[in-house]
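J.: Heads up: the sequence shown is residues 29 to 122, going by the numbering used here.
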Amino acid sequence: MSDDQASFAELVAKAGAGLAAWRRSVAELDAWRAGTANGGPNGDGAYPMTGADDQVKLIPCPAKIATLMPTGQPVDLILQCYADQAVVRVGSRL
29 MSDDQASFAE
39 LVAKAGAGLA
49 AWRRSVAELD
59 AWRAGTANGG
69 PNGDGAYPMT
79 GADDQVKLIP
89 CPAKIATLMP
99 TGQPVDLILQ
109 CYADQAVVRV
119 GSRL
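#1: Ends of the beta strand (DSSP E) at THR78?
#2: Under 8 angstroms by Cβ, that's how I've got PRO88 and GLY73 pegged, so tell me the actual separation to the nearest angstrom.
#3: Once you ignore the five residues that flank ALA65 on each side, which residues in its own chain have a CB closer than 7 angstroms to its CB?
#4: Please state whether DSSP places PRO90 in a helix, a strand or coil.
#5: Could you tell me which residues DSSP pairs with LYS85 in its beta bridges?
#6: Just verifying my parser: in three-state terms, what is the DSSP assignment at LYS71?
#7: Note down the Cα distance separating SER35 from ALA43, rounded to an integer number of angstroms.
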């Protein structure tokens, strides 16, 4: 019976770790999506995102990417299509 309890405790710990990782991902995605072109930890518009391998990479936010792109109808249309909710759905796989 102690083996069953240990297995259950391990399962609970893994579930807790998974929930913590999910919450971190949501918080990172929210910060990235709402980021400014001169924001982020280094002030360069790149925000930290943790991958499935637990490695943290700095990813340019949409506002930073927009400053690097030329303006005009095609680019504006692309940015409009992938703004806000579309980015959230893609980033969170919802």
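We put the beta carbon where it would ideally sit given N, CA and C, even for glycine. Keep in mind the model is a prediction, meaning the values are calculated, not measured.
T.: With the structure as the only source:
#1: 74-78
#2: 6 angstroms
#3: GLY73, ALA91, LYS92 and THR95
#4: helix
#5: MET77
#6: Here residue 71 turns out to be Gly, not Lys, going by the sequence shown. Three-state result, GLY71: coil.
#7: 12 angstroms
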